[in-house]
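So the structure is just underneath, and the comments pick up after that.
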Amino acid sequence: MAQVVPYQTAAGKRYRVRYRTPDRRQTDKRGFRIKREAELFAATVEVAKAKGEYVAPSLGRVTVGELAADWLARKQQATAPSHSRMLESAWRVHVAPRWAAASVSDIDQLGVEAWITGMVRDGCGATTVLRAHGLLSGVLADAVKARRLAANPCRGIENLPRKTGKRRVYLSADDVDRLADAAGEHRALVLTLAYTGIRWGEAIALRVRDVEFLRGRLSVHENAGRPL
6 MAQVVPYQTA
16 AGKRYRVRYR
26 TPDRRQTDKR
36 GFRIKREAEL
46 FAATVEVAKA
56 KGEYVAPSLG
66 RVTVGELAAD
76 WLARKQQATA
86 PSHSRMLESA
96 WRVHVAPRWA
106 AASVSDIDQL
116 GVEAWITGMV
126 RDGCGATTVL
136 RAHGLLSGVL
146 ADAVKARRLA
156 ANPCRGIENL
166 PRKTGKRRVY
176 LSADDVDRLA
186 DAAGEHRALV
196 LTLAYTGIRW
206 GEAIALRVRD
216 VEFLRGRLSV
226 HENAGRPL
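Residue numbers (the working numbering): 6 to 233.
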């Protein structure tokens, strides 16, 4: 069980909590001014150990910026270049200025909600806010997996904005024909996009070898220069 032990400093009486980690190593936390605060910390440690949620304080001192580097590198490998660029922008503009230097153990839900409120107040749209929040949540999820955090403070956020539905306009076959005719030398591209359902990145990555003219078939192998 954790023990509360008093000790003297030049500034007066202080308390420290001695306890064993789940792997049976002896450690302590010093600097409590009030015995009651030390006792509450000791109780919290014992409950966390019993629930399997104990996190070593030293592990929680890693910064969001340190973990984000690996997270972004993995996303760069696993997602399309366009999506990777959006994540890099979200990190640089919205996440890093507020959280890069913060220790993961210092982040709580109230802080995350205040950050979201600030972005909305500054005029950021729902898509921008949701992307930034998702990025921070992903980085902190890594911290949970590595047992640097007991729980992800980005979960259960109540003030996330919602995307509003946009009016969609669909072209009829006649509309497509007129658009293709107006496109001049790009007529074939317009018709291909309209009637095959391939995405823009897939269309501009097509090469002559991907088109079987006699069979009327396209073989899609890349998306904006990235292998599928």
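Here a beta-carbon is modelled for each residue, glycine too, at the ideal position from N, C-alpha and C.
For Ser89, same chain residues with a beta-carbon under 7 Å away, outside a window of 5 residues either side, are Lys80, Gln81 in chain order. Here the alpha carbons of Leu223 and Glu217 stand approximately 6 Å from one another. Judged by beta-carbon spacing, Arg41 lies beyond the 8 Å limit of Arg19, meaning their Cβ atoms are not closer than that value. Along the length of the segment 78-106, whole alpha helix (DSSP H) runs at least 4 residues long occupy 86-95, 101-104, reported in chain order.
Looking at the DSSP output, Pro158 bridges to nothing.
Inter-residue distance for Cys159 and Ala178 is about 46 Å (C-alpha atoms, whole angstroms).
Excluding residues up to 5 positions away in sequence, Glu118, Ile121, Thr122 lie with their Cβ nearer than 7 Å to the Cβ of Asn164 in the same chain. For the segment 28-76, the full-length alpha helix (DSSP H) segments reaching 4 residues or more read 40-56 along the chain. With contacts defined by Cβ atoms closer than 8 Å, Ala85 and Gly206 form a contacting pair. Spanning the alpha carbons of Arg97 and Arg103 requires a straight line of approximately 10 Å. For Gly17, the secondary structure class from DSSP, reduced to helix, strand or coil, is strand. Restricting attention to Val52, Gln31, Ser110, Arg167, the CA atom closest to the CA of Leu135 is found in Arg167.
Your pair Arg153 and Val50 does not check out as a contact, with CB atoms roughly 16 Å apart and the cut at 8 Å. By the criterion of a C-beta distance shorter than 7 Å, Leu140 is surrounded in its chain by Leu92, Ala95, Trp96, Val100, once the five residues flanking it on both sides are discounted.
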